[in-house]
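Numbering (this note's numbering), first residue to last: 47 to 143.
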């Protein structure tokens, strides 16, 4: 059973990303949206944590572009229709509100 984890809050304001990384499984995926895309600022602790985990990482392209965040080659930019497809592909969706 796989889960799509969705984060939308900045990783610099709370511990949602850290909590998510503690429970995410090998079959799971992570989608960063909204201010969560700031986790991909090179050299920051969230960036290092994400890179070291080698997750299936997706980012809403619109949100990365709005925040001028360049995506590393290990993160896949997607649009909203692809987000819907990811949601359908996984057994559960967990939004880290």
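Ideal Cβ placement from N, Cα and C applies to all residues, glycine included. Bear in mind the structure is a predicted one, so any value in this text is a computation, not a measurement.
Cα-Cα separation between residue i and residue j, rounded to whole angstroms
i, j, result
"residue 135", "residue 128", "10 Å"
"residue 114", "residue 125", "16 Å"
"residue 112", "residue 80", "9 Å"
"residue 133", "residue 123", "15 Å"
"residue 90", "residue 47", "31 Å"
"residue 139", "residue 49", "6 Å"
CA nearest to the CA of residue i, picked from the options
i, options, result
"residue 58", "84, 107 and 132", "84"
"residue 66", "95, 137, 90 and 89", "95"
Supposed close pair residue i, residue j - CB separation, criterion 8 Å
i, j, result
"residue 53", "residue 142", "5 Å"
"residue 86", "residue 93", "6 Å"
"residue 51", "residue 74", "6 Å"
Heavy atom of the ligand GDP within 8 Å of residue i beta-carbon
i, result
"residue 100", "Within the structure as shown, the ligand GDP is missing, as the structure has no ligands at all."
Contacts around residue i, its chain only, beta-carbon distance under 6 Å, and the 5 residues preceding and following it disregarded
i, result
"residue 101", "76"
Nonlocal neighbours in the same chain, by C-beta distance under 7 Å from residue i, ignoring five residues either side
i, result
"residue 117", "86, 105, 110 and 123"
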